[in-house]
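This report concerns only the one structure given below.
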Ligand code: PLP
C-alpha cells in the first residue's frame with residue numbers, strides 16, 4: 015500500500031530474473047546450461063585488477079568528484095578522440111555506476127511527463143521501463159529479421175509527434191546483435207535532426223564486432239549531429255568488468271551538468287576503486303580486447319551454424335554484441351505430453367525444464383516468436399547446450 019504508482023507501472027528486469035533462476039537451479043546441483051547471461055564469461059584482465067588493488071593499498075577509498083575523476087575523464091576523452099574521432103571536454107563527460115545508471119540518469123534528466131521516446135523493437139529490456147519511470151511514453155517501431163532488425167528512416171518519421179523528444183539507437187544491439195552502417199546512420203541522423211530529436215546512442219557493445227565490421231558512431235556523422243547526440247558507453251562488456259559498475263555518458267554540456275546534479279543527489283561518485291580500475295582499462299594494453307573478441311566470433315559462428323541446422327529455427331549471423339536472436343516461430347503450436355507450446359515463453363519454460371538450458375524468450379524484448387541466446391559462455395557449454403536443444407526439439 016506504500017508503493018508508488020510510478021514503481022507499480024514497471025516490471026523487474028526479465029533477463030536478470032532468468033539469470034537468477036538459472037543460478038538458483040545450478041546452486042541446487044541441477045546441471046543447467048545458461049544462454050541467458052549478458053556478461054562476458056572471461057575474468058577481468060590482470061592489469062585492471064592490479065590498478066584496483068593498488069588503489070586500495072594507497073588509500074584511494076574516499077569520495078571522488080561526483081561526475082568522475084579527472085584522470086578517468088581524460089582517458090574517456092582520449093578514447094573518443096583516438097577511436098571515434100570525436101572531441102569532448104571534461105564538462106561534456108560524466109561517469110556513472112554502470113551504463114544502466116548512465117541511461118537512468120539521462121532519462122530522469124531529459125524527460126517530462128508525457129514526452130515520447132522512440133524505441134525500435136526488439137529493444138534492450140530496460141529502455142521502456144526506465145522511460146516510464148521518468149514519466150515518458152515509449153513509442154515502439156517493430157523491426158523484422160527479414161530486414162536484419164533495422165529501422166528505416168521513414169518508419170521513424172511516421173511515429174514522430176509534437177511530443178517526441180528522443181530516439182534510442184543501440185548498435186550493436188542487445189538482443190539482436192545487429193549493427194548499422196555509416197550510410198544508414200547518416201539517414202537516421204538526418205530525420206532526427208530535421209525533427210529536433212535528441213539521439214541517444216547506446217554504444218556499450220562497440221568493441222564486440224565481427225567479420226571486419228567497422229564501428230561508426232552516429233555522432234561522427236557531423237558536428238551538428240554530435241550536438242544532438244548523447245553517447246552511452248562503459249567498460250562492462252568490452253573489458254569483462256560487469257561487476258565493477260562503471261559506465262559513462264558524453265554529450266552537450268547542459269545535459270551532462272543536469273545529470274551531474276541528479277547523481278549528486280543520488281549515488282554521489284561511482285566507487286573510487288572502480289574509477290581507478292576503469293582508468294587502467296582505458297589507458298592500458300588493448301590486446302585482451304582482441305583475444306576476447308576473437309573467441310566471441312568463433313562461438314558466434316558455431317552457434318549460428320548449429321541453430322540453422324535445427325528444423326523450425328532460422329537465425330541471422332549478427333555482426334556484433336554476444337547474442338543471437340533466432341526466429342523460433344516454426345517451433346510453436348506443437349504439443350509435449352499433451353501440453354500445447356504456442357508462445358516463446360512456453361518454449362523457454364519447456365527448454366529449462368526438459369533440456370536444462372536457460373534462454374530468454376523474445377517477448378521480453380518486445381519480439382514474440384524469437385529467443386535470445388547469449389554466447390558469453392564457454393565453447394564447451396555452447397556445444398553441450400546445442401546438443402541438448404537439438405535433442406529436446408526433436
Ligand atoms: N545497454 C545495453 C544495450 C546493455 O545490454 C547493457 C547491459 O546489459 C547496458 C546498457 C548496461 O550495462 P552496464 O552493465 O554497464 O550497466
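Residue numbers (the numbering used here): 15 to 408. The C-beta atom is built at its ideal place from N, Cα and C for all residues, glycine as well. Just so you know, these numbers come straight off a predicted model, no measurement behind them.
With distances taken Cα to Cα, identify the nearest neighbour of residue 42 among 180, 370, 88.
-> 370
Between the C-alpha atoms of residue 62 and residue 355, what's the straight-line distance to the nearest angstrom?
-> 46 angstroms
Near the ligand PLP, which residues have their beta-carbon less than 6 angstroms from any of its heavy atoms, given in chain order?
-> 52, 112, 113, 114, 138, 184, 188, 216, 218, 248, 250, 256, 261
Runs of beta strand (DSSP E) lying entirely within the segment 304 to 372, each at least 3 residues, in chain order | 348 to 350, 353 to 355
When you compare each of 228, 154, 161, 110 to residue 284 by their alpha carbons, which one comes out closest?
-> 110
Rounded C-alpha distance that separates residue 227 from residue 197 | 14 angstroms
Secondary structure of residue 174, DSSP reduced to three states = coil
Residue 68 versus residue 291: straight-line alpha-carbon distance, rounded = 9 angstroms
Using three-state DSSP, classify residue 45 as helix, strand or coil.
-> coil
Determine the contact status of residue 184 and residue 164, defining contact as a CB-CB distance below 8 angstroms.
-> no
Backbone CA spacing between residue 241 and residue 233 [nearest angstrom] = 8 angstroms
Pick out whichever of 340, 194, 306, 301 has its Cα sitting closest to the Cα of residue 320.
-> 340
Using the rule of at least 16 other Cβ atoms within 10 Å of the residue's Cβ for burial, across every protein chain shown, is residue 268 buried or exposed?
-> exposed
Determine, using beta carbons only, whether residue 381 and residue 135 come nearer to each other than 8 angstroms.
-> yes
Bridge partner(s) assigned by DSSP for residue 273 | None, per the DSSP bridge assignment.
Report the three-state DSSP secondary structure of residue 297 (helix, strand or coil).
-> helix
DSSP beta-bridge partners for residue 385?
-> 375
Taking C-beta to C-beta, are residue 137 and residue 379 nearer than 8 angstroms?
-> yes
Run of the alpha helix (DSSP H) containing residue 124, from where it starts to where it stops | 113 to 124
Residue 257: which of 47, 35, 66, 32 sits nearest, CA to CA?
-> 66
DSSP three-state assignment for residue 262, whether helix, strand or coil = strand
In terms of residue numbering, what span does the beta strand (DSSP E) encompassing residue 94 cover?
-> That residue, residue 94, is in no beta strand (DSSP E); its alpha helix (DSSP H) goes 84 to 98.
If we ignore side chains and look at the alpha-carbon of each, how far apart do residue 230 and residue 36 end up?
-> 35 angstroms
What span of residues does the alpha helix (DSSP H) with residue 241 cover, start to end?
-> 237 to 241
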